[in-house]
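Engineer:
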Amino acid sequence: MIISLVGYMGSGKTHVSKILSEKINFKLIDLDKEISRRNKLTIPEIFEKKGEIYFRKLEREILEEILATQENLILSLGGGTPVYYNNMEIINHNSKSVFLRASVATLSERLSKQKEKRPLIANVPDENLPEFIAKHLFERNEFYSKAQFIVSTDSREPEDIVNEIIEKLYL
């Protein structure tokens, strides 16, 4: 089984995937980290040097490869991954998908502390961050909502979120 975690940046995918991986003894792959490792560049560097189109093609290739070759895996996906090509359909066909849903307020609070690591919001002033996130979420929720399971992460401990995922997947 492959469990794919989808959601907006700051929704908790990285943190929850680590705990889930340890708890059910599945391998963990963070798609962005895998792309970065293979290219020997950070995600911001790939965007800057090669552009978003290059990144999205590469992301798709590596996503397909992982979904076709791995077992007993937690796959933590980038916030944009489900939005491009027909990635969400491929994710749903080859894995159990879980949308980690968080409110604009929660995401704004979390992301305001991480802006330098997030190329998409690095130049967004703090006072404009909630509006930016709300607009982006509106565009992306259509894709995220196609996940087979939805788990809210607002005001919850990661351990509780992991337990809910395990419960929903009957693990």
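In the UniProt record's numbering, the protein residues as written are 1 to 171.
Virtual Cβ for every residue (Gly too), placed ideally from N, Cα, C.
Predicted, not measured: the structure shown is a model, and the values here were computed from it.
#1: Can you have a look at S108 and say buried or exposed, based on whether 16 or more other CB atoms are within 10 angstroms of its CB?
#2: Just to confirm before moving on: does the CB-CB distance between L137 and V98 stay below 8 Å?
#3: Specify, as a first and last residue, the run of the alpha helix (DSSP H) that V16 falls within.
#4: Any chance the stretch 156–168 sits against the stretch 34–43, with 3 or more Cβ pairs inside 8 Å?
#5: What would DSSP say about K96, mapped onto helix, strand or coil?
#6: Within 10 Å of its beta-carbon, does T69 have 16 or more other beta-carbons around it, so buried, or fewer, so exposed?
#7: Check whether the Cβ atoms of I3 and S95 lie closer than 8 Å to each other.
#8: Whole-angstrom Cβ separation of Y84 and R56, contact assumed at under 8 Å?
#9: Measure from the alpha carbon of P158 to the alpha carbon of each residue in E89, K23 and M1, then state which is nearest.
#10: Suppose you measure from the CA of G78 to the CA of G7; what does that come to, to the nearest Å?
#11: Which class does K33 belong to by DSSP, given the choice of helix, strand or coil?
#12: How would you label M1, buried or exposed, when you count the other beta carbons within 10 angstroms and need 16 or more for buried?
#13: Using only alpha-carbon positions, find the residue among E52, R101 and D32 that is nearest to D154.
#14: Please go through the same chain and pick out, in chain order, the residues whose beta-carbon is closer than 6 Å to the beta-carbon of I19, but skip the five residues on each side of it.
#15: Confirm, please, whether the CB-CB distance from L28 to V16 is below 8 Å.
#16: Identify, in the order they occur along the chain, each residue of the same chain with its Cβ nearer than 7 Å to the Cβ of I121, setting aside the five sequence neighbours on each side.
Structural biologist: Straight from the coordinates:
#1: Here residue 108 corresponds to residue number 108 of the sequence shown, with the count starting at 1. S108 comes out buried.
#2: Taking the sequence shown and counting its residues from 1, the one referred to as residue 137 is at position 137. Taking the sequence shown and counting its residues from 1, the one referred to as residue 98 is at position 98. Contact flag unset, no.
#3: As a position in the sequence shown, residue 16 is number 16, starting the count at 1. That run of the alpha helix (DSSP H) goes K13 to I24.
#4: no
#5: Residue numbering aside, residue 96 sits at position 96 when the sequence shown is read from its first letter. If DSSP states are grouped into helix, strand and coil, K96 belongs with the strands.
#6: Position 69 of the sequence shown, counting from 1, holds the residue named residue 69. Looking at its Cβ environment, which holds fewer than 16 other Cβ atoms inside 10 Å, T69 is exposed.
#7: By one-based count along the sequence shown, residue 3 stands at place 3. By one-based count along the sequence shown, residue 95 stands at place 95. Contact: yes.
#8: Working through the sequence shown from its first residue, we reach residue 84 at position 84. Working through the sequence shown from its first residue, we reach residue 56 at position 56. At roughly 5 Å, the Cβ-Cβ gap stays under 8 Å, so Y84 and R56 are in contact.
#9: Translated into the one-based positions of the sequence shown, residue 158 becomes position 158. The shortest C-alpha separation from P158 is found at K23.
#10: Indexing the sequence shown from 1 puts residue 78 at position 78. Indexing the sequence shown from 1 puts residue 7 at position 7. Using only the alpha carbons, I get a separation of about 8 Å.
#11: Mapped onto the sequence shown, residue 33 falls at position 33. Note: K33 maps to helix in three-state DSSP.
#12: By 1-based counting over the sequence shown, the position of residue 1 is 1. That one is exposed.
#13: Counted from its first residue, the sequence shown places residue 154 at position 154. Its Cα nearest to that of D154, the residue R101 stands out among E52, R101 and D32.
#14: The residue you call residue 19 lines up with position 19 of the sequence shown. Counting only Cβ-Cβ distances below 6 Å, and skipping sequence neighbours, we find P158 and V162.
#15: Start at 1 with the first residue of the sequence shown, and residue 16 comes out as number 16. Start at 1 with the first residue of the sequence shown, and residue 28 comes out as number 28. Cβ atoms of V16 and L28: not closer than 8 Å.
#16: Taking the sequence shown and counting its residues from 1, the one referred to as residue 121 is at position 121. If the five residues before and after I121 are omitted, its C-beta is found closer than 7 Å to the C-beta atoms of L111, K115, L129 and F132, all from its own chain and listed in chain order.
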